[in-house]
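Numbering (our numbering), first residue to last: 40 to 439.
Printed below as a string of structure tokens:
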């Protein structure tokens, strides 16, 4: 039975909305009523039997859950371990993002909201938001950096086909950070009737906790599927890519207190950690406040946010969610990084070994397999967060 309890006592969120020193709600006064409305009501709403039933039924009948846990035999042979891929790429819309948008659209309906606003980078969250808005008959505005609009054309077309208004953002680096800025401005200007569906475990409390809970279905399923396949709920490793970090939050959630399970988060190193074209926050960042919460951010000496870079549109965010910042600081999760070239090569390897085209985001997680030394008896679960249709032009251009 799916539920939203069972959070980690050691690594979970406090009543004040903090993971250790990270989190909180640093917001303009005009947003306070919106965020406070969510904070006061979300726990009660999402734990009602009617909400849980609607959420569970839509995940099953609309999203297509549970997603398979696939034993990648040729990949396993290459890296001398038993490797399973959690196939979030087989969700309706092609990524894990829809788990969260289903939950948030149901929450918006309970709160009586009539309009939806969202931000997107790679376009997968935008597509997932446009999808649930079409399903529920609510108008939808999606902000997307102009650069991402250009490099994620198929997802822009999907959003428009689904009835969403896609607004290209020309400020800043024209990527995810800038789209998030504009989506928050939109929400400030439409505080009464609009719900903001944030796409990752970022933003002011309660968003990081709320999105994590909706994505926790991933690790809930992994436990059940591994028990069926191996007789044990716990693998030796869980690996996931991290931009803001929602797919990793979902994949790690039910394993946070299982210290025997090594959790690995993979950030985008871009052109390299020693260049100024990277998005590896834990390697290059320091504590600061962005988009309503305190976390680790890439920033200059005087606190100005440094523009991130990654070949992957979903990973070029200058920070990570506050839960991940705390997990990094506490040493519970090992953070690694993969360059553009390593991700491209890893994505192509999966294509040719297993017949699966991964999103460039997921390819970053795959890219650390050669960097780890596995024992033949060890079980590895890698969260394949999205499919690579949206990235075909990038793959073909870079590897031509």
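Positions of the beta carbon are idealized from the N, C-alpha and C atoms, including for glycine.
Can you name, in chain order, every residue of its own chain whose Cβ lies under 7 Å from the Cβ of residue 208, other than the five neighbours on each side? Only 182, 183, 184, 185, 217, 218, 221 meet the Cβ criterion.
Three-state secondary structure assigned by DSSP to residue 158: strand
If you follow the alpha helix (DSSP H) that residue 221 is in, where does it begin and where does it stop? 215-228
Which runs of the alpha helix (DSSP H) fall wholly inside the stretch 135-212 and span at least 4 residues, in chain order? 136-149, 163-175, 185-190, 192-200
The beta strand (DSSP E) that contains residue 384, what's its start and end? Looking at the DSSP string, residue 384 is not in any beta strand (DSSP E); the run it does join, the alpha helix (DSSP H), is 379-393.
Take residue 351 as the anchor and find which of 283, 177, 328 has the nearest alpha-carbon. 283
Would you give the residue range spanned by the beta strand (DSSP E) that residue 328 belongs to? 325-329
From the beta carbon of residue 255, is the nearest beta carbon of chain C less than 8 Å away? Reference to chain C is not applicable here, since this structure consists of a single protein chain.
Between the stretch 384-394 and the stretch 77-89, are three or more C-beta pairs nearer than 8 Å? no
Cβ shell of residue 104 (< 6 Å), same chain only, five flanking positions each side left out: 98
If you reduce the DSSP assignment to three classes, tell me which class residue 308 lands in. Assigned with DSSP and collapsed to three states, residue 308 falls in strand.
For residue 433, which residues from the same chain have a beta carbon less than 6 Å from its beta carbon, with the 5 sequence-adjacent residues on both sides left out? none
Assuming residue 415 contacts residue 120 (C-beta within less than 8 Å), just tell me the rounded distance between them. 7 Å
So if DSSP puts residue 303 in a beta bridge, which residue, or which two residues, is it bridged to? 278, 373
Best match in 347, 426, 395, 365 for proximity to residue 110 [C-alpha to C-alpha]: 395
Beta carbon of residue 142 nearer than 8 Å to that of residue 332: no
Under 7 Å Cβ to Cβ from residue 67, same chain only, skipping five residues before and after it: list those, please. 227
Where do the N-terminal and C-terminal ends of the beta strand (DSSP E) with residue 250 fall, by residue? First-last for residue 250: 246-254, but that is the alpha helix (DSSP H), not the beta strand (DSSP E).
So, for residue 404: in the same chain, excluding its five sequence neighbours on each side, which residues have a beta-carbon less than 6 Å away from its beta-carbon? 278, 279, 280, 305, 421
Which same chain residues end up closer than 6 Å to residue 235 when comparing Cβ atoms and leaving out the 5 residues on each side of it in sequence? So the qualifying residues of the chain are 156, 226.
Can you give me the C-alpha to C-alpha distance between residue 426 and residue 189, rounded to a whole angstrom? 19 Å
Same chain, Cβ closer than 6 Å to residue 372, five either side skipped, listed in chain order: 302, 304, 366
List the DSSP bridge partners of residue 425. 134
What does the alpha-carbon distance come out to for the pair residue 359 and residue 117? 31 Å
Would residue 344 and residue 361 be called neighbours here (beta carbons separated by less than 8 Å)? Residue 344 places its beta carbon 8 Å or farther from that of residue 361.
Is the Cβ-Cβ distance between residue 385 and residue 364 less than 8 Å? no
Any idea what DSSP makes of residue 262, helix, strand or coil? helix
According to the Cβ coordinates, are residue 400 and residue 161 closer than 8 Å? yes
Where the beta strand (DSSP E) through residue 234 begins and ends: Where residue 234 is concerned, the enclosing beta strand (DSSP E) stretches over 233-236.
Cβ-based burial, residue 71 [other Cβ within 10 Å; buried from 16]: exposed
So if DSSP puts residue 124 in a beta bridge, which residue, or which two residues, is it bridged to? 109, 421
Report the rounded CA-to-CA distance for residue 59 versus residue 252, giving the unit in angstroms. Each residue's Cα considered, the two are about 18 Å apart.
Collapsed DSSP secondary structure at residue 397 in the structure displayed: strand
If distances are taken between C-alpha atoms only, which option among 134, 93, 102 comes closest to residue 239? 134
Mind checking who residue 440 pairs with in its DSSP beta bridge? No statement about residue 440 is possible, as the shown extent of the chain runs from 40 to 439 and does not include it.
Residues in its own chain within less than 6 Å of residue 74 by CB, not counting five upstream and five downstream? 64, 66, 243
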